[in-house]
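Student: In the UniProt record's numbering, the protein residues as written are 1 to 275. Even glycine gets a Cβ: it sits at the ideal position worked out from N, Cα and C. It should be emphasised that the depicted structure is a prediction, and the values quoted were computed from it without experimental measurement.
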Amino acid sequence: MWGGCLHYTTIGTLTKHDTMLRAMFSGRMEVLSDSDGWILIDRCGKHFGTILNFLRDGSVSLPESSKEIAELTAEAKYYCIAELAESCNKALAKKERGEHEPICGVPLITSQKEEEMLISSTTKPAIKLLINRHNNKYSYTTTSDDNLLKNIELFDKLSLWYSNRVLFLKDVISTSEICCWVFYGHGRKVSEVCCTSIVYATDKKHTKVECPEARIYEETLNILLYESRNAPDQQLMEATSTRGAVSGMSSYTSDEEEERSGIERLRSNKSSNQA
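#1: Taking all protein chains shown into account, decide if R215 is buried (16 or more other Cβ within 10 angstroms of its Cβ) or exposed.
#2: Consult DSSP for L225 and reduce its assignment to one of helix, strand or coil.
#3: Quick one: measure Cβ to Cβ for T207 and Y140, integer angstroms, because I've assumed they're closer than 8 Å.
#4: Between which two residues does the beta strand (DSSP E) harbouring S88 extend?
#5: Applying the criterion that 16 or more other CB atoms from any shown protein chain within 10 Å of the CB defines a buried residue, is L129 buried or exposed?
#6: Are there 16 or more other CB atoms within 10 angstroms of the CB of D171, so buried, or fewer, so exposed?
#7: Does DSSP put T9 in a helix, in a strand, or in coil?
#8: Could you compute how far the alpha carbon of I131 sits from the alpha carbon of L108?
#9: S250 by DSSP, collapsed to three states: which one?
#10: Could you spell out the range, first to last residue, of the beta strand (DSSP E) harbouring E75?
#11: Mind checking I127: buried by the 16 CB within 10 Å criterion, or exposed?
#12: Give the straight-line distance between the Cα atoms of V193 and R56, rounded to the nearest whole angstrom.
#13: Is it a yes or a no for the region 87–96 touching the region 60–69, going by three-plus beta-carbon pairs under 8 Å?
#14: Whether or not the region 183–190 and the region 150–165 are in contact is what I'm after, with contact meaning three or more pairs of Cβ atoms, one per stretch, closer than 8 Å; do they touch?
#15: Count the other CB atoms within 10 Å of the CB of T73; is the residue buried (16 or more) or exposed (fewer)?
#16: Can you tell me which of the three DSSP states D171 falls into?
#17: Could you compute how far the alpha carbon of N135 sits from the alpha carbon of S61?
#18: When the distance is taken between beta carbons, is L158 closer than 9 Å to I119?
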């Protein structure tokens with residue numbers, strides 16, 4: 001019992017590191033207990049859960065406020081947990097200097113090898129935005145620049161919302177696409193949303209950039225299903241996809257393909273009516 005708080009743990013956890021707790025529970029120190037057999041330590045129990053988690057895992061998330069970090073430092077010193085006390089002191093020093101850890105960090109891809117390493121090593125699902133305006137070999141349509149910015153703004157917004165659940169990556173060096181979203185789960189590519197298509201003017205081709213927000217939101221929600229260790233049920237993926245899924249990857253068509261298929265349907269209907 002610590003300061004009126006009851007904590008359940010194992011002897012293995014209490015004796016895992018060379019601390020005062022190991023001395024207490026290995027018989028080297030006398031311990032006090034109540035009539036029910038609870039071990040009594042005359043300390044506040046507020047941070048003892050954090051102490052136990054550090055003993056279990058060797059690391060722990062520190063409190064946000066300087067006051068609570070200072071309290072945890074005192075507890076770590078009392079229990080002779082030097083590594084935890086040192087981490088607390090470093091955190092307090094950073095706060096005094098005005099330094100803060102970023103809440104949201106987005107790696108900027110520098111090579112294909114780095115991208116593969118980041119995606120394979122994370123336990124989170126991943127979303128990559130490939131954006132490179134200079135990949136275009138035709139002229140852009142009038143709204144394309146605005147839509148490029150909308151894709152970037154949407155990526156920034158999603159990365160702020162889901163930074164603790166999804167690994168966000170930005171690729172500005174690839175030469176394969178102009179603007180494309182790629183979604184990864186369990187270390188493999190699950191789906192993608194290509195935001196560019198070719199349109200034909202009277203004299204030449206133009207590159208059209210779109211920002212299909214509904215598709216991107218849909219794939220983002222789908223990729224959250226890969227947070228668990230088991231892959232999501234394929235029927236569930238098909239049910240939540242407005243365009244279906246093919247071999248585990250959502251299939252999207254460009255405006256040009258949709259227009260072509262629409263023309264084919266009109267021709268087919270016209271032929272049927274004439275017959």
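Tutor: Looking at the coordinates:
#1: buried
#2: helix
#3: 5 Å
#4: With the sequence shown as reference, residue 88 is identified as Cys, and Ser is not the correct amino acid for it. Per DSSP, C88 belongs to no beta strand (DSSP E); it is in the alpha helix (DSSP H), A82 to E96.
#5: buried
#6: buried
#7: coil
#8: 11 Å
#9: In this prediction, S250 scores a pLDDT of 41, lower than 50, which makes its location untrustworthy; the coordinate-derived value is nonetheless stated afterwards. Looking at S250 - three-state DSSP - the assignment turns out to be strand.
#10: Run containing E75: none in the beta strand (DSSP E); it sits in the alpha helix (DSSP H), S66 to Y78.
#11: buried
#12: 42 Å
#13: yes
#14: no
#15: buried
#16: strand
#17: 43 Å
#18: no
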